[in-house]
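Asks: Each residue of the sequence shown is one higher than the one before, starting from 68 at the first, in this note's numbering.
The C-beta atom is built at its ideal place from N, Cα and C for all residues, glycine as well.
Okay, handing you the structure first.
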Amino acid sequence: MAGGRVIPNQPAVADYGIDAPGTVFRLVAGCFASIMLGIFIGSGVADARVVIPFAAVSIGLGLAAAAMVASSKVGIRRLWSRLLDGAALDGATAALDAGCGRGPVLVQVARRLGPDGTVHGVDRWRSRDVSGNHRSVAEANVGIAGVADRVVLHDADLWALPLPDGSVDLVTANLAFHRIADPQRRAAAVAELGRVLAPGGTALIVDWRGTATVADGLRAAGCHDVTRSGRRWLTFPPARVVTARR
């Protein structure tokens with residue numbers, strides 16, 4: 068089944084992929100290259116200490132790659148579980164997950180809103196953002212999670228959200244804004260979050276870069292109680308959390 072592993076005699080398991088797969092691949096390739104170069108150079112000299120720098124580099128690169136995979140598979144979902152558990156979602160019936168990808172946050176939000184809620188997932192599903200990123204994979208994952216009846220997916224840009232003003236009670240965005248390279252589009256995307264957020268609604272944004280700009284943009288969009296956390300070490304690279312109220 069697309070998006071999940073089928074285990075004999077057990078239900079399918081949702082698979083949310085690995086963030087920034089190109090970066091993970093480069094880290095693993097660098098680790099391997101450093102090992103091979105150390106072996107090549109070390110074989111031609113009598114002093115084995117010459118390989119120590121290569122070993123240190125390969126260990127560092129390997130650990131970074133492992134940390135990124137662990138962040139994608141476990142850390143980011145644990146962070147979002149804590150954030151959503153602590154959010155005031157009583158009475159929330161509509162939500163937006165901006166840059167939903169394969170659906171790890173989308174599914175958590177849908178479960179918390181309950182059967183009468185609706186969660187809109189918006190993305191362009193680029194494979195460079197998440198491994199195997201595709202709308203059909205997100206659809207499969209929400210189906211596996213049992214929340215397909217309360218999820219609506221949209222192929223759209225974050226700076227042009229296909230939702231009316233003040234139409235959602237909760238906005239989430241996971242590692243989405245650092246991927247928007249153009250500063251004007253990034254600012255427009257933040258403004259769009261403020262536009263679609265209903266009075267009294269909550270915004271939760273997690274990213275490892277550019278969160279100060281996101282916080283400023285939410286204030287400019289009319290949000291209040293805007294806060295920006297310190298680094299959260301459940302993710303790699305360590306991310307910050309921006310929260311805001313409308």
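Using C-beta distances below 7 Å, list every residue in its chain close to Ser-234, excluding the 5 sequence neighbours before and after it, in chain order.
Replies: Numbered from 1 along the sequence shown, position 167 holds the residue referred to as residue 234. Cβ neighbours of Ser-234 beyond the five flanking positions: Ala-161, Val-263 and Ala-265.
Asks: Going along the chain, which residues of its own chain have a beta-carbon closer than 7 Å to the beta-carbon of Val-218, five neighbours each way excluded?
Replies: Residue 218 sits at position 151 when you count from the first residue of the sequence shown. The residues are Leu-173, Ala-177, Val-186, Gly-188 and Val-209.
Asks: What does the alpha-carbon distance come out to for the pair Ala-131 and Pro-304?
Replies: Residue numbering aside, residue 131 sits at position 64 when the sequence shown is read from its first letter. Residue numbering aside, residue 304 sits at position 237 when the sequence shown is read from its first letter. Cα-Cα distance, rounded: 9 Å.
Asks: Thinking C-beta only, is Ala-243 closer than 8 Å to Gly-166?
Replies: For the purposes of this step, residue 166 is identified with residue 99 of the sequence shown, where counting begins at 1. For the purposes of this step, residue 243 is identified with residue 176 of the sequence shown, where counting begins at 1. Yes, the pair counts as a contact, with Cβ atoms nearer than the cut-off.
Asks: Check Pro-266 in the structure and name its three-state DSSP category.
Replies: Translated into the one-based positions of the sequence shown, residue 266 becomes position 199. Three-state DSSP puts Pro-266 in a strand.
Asks: DSSP on Gly-71, reduced to helix/strand/coil?
Replies: As a working mapping, residue 71 is identified with position 4 in the sequence shown. Low confidence applies here, because Gly-71 scores a pLDDT of 42, under 50, leaving its location unreliable and the question unanswered by this model.
Asks: Can you find the residues in the same chain that come closer than 7 Å, C-beta to C-beta, to Asp-190, ignoring five residues on each side of it along the sequence?
Replies: For this step, residue 190 is matched to residue 123 along the sequence shown. Gly-166, Cys-167 and Gly-168, listed in sequence order.
Asks: Relative to the C-alpha of Leu-237, which candidate in Gly-261, His-245 and His-221 has its C-alpha closest?
Replies: Position 170 of the sequence shown holds residue 237. Considering only alpha carbons, the answer is Gly-261.
Asks: Would you give the residue range spanned by the beta strand (DSSP E) that Asn-200 belongs to?
Replies: As a working mapping, residue 200 is identified with position 133 in the sequence shown. Unbroken run through Asn-200: none, as it is neither H nor E.
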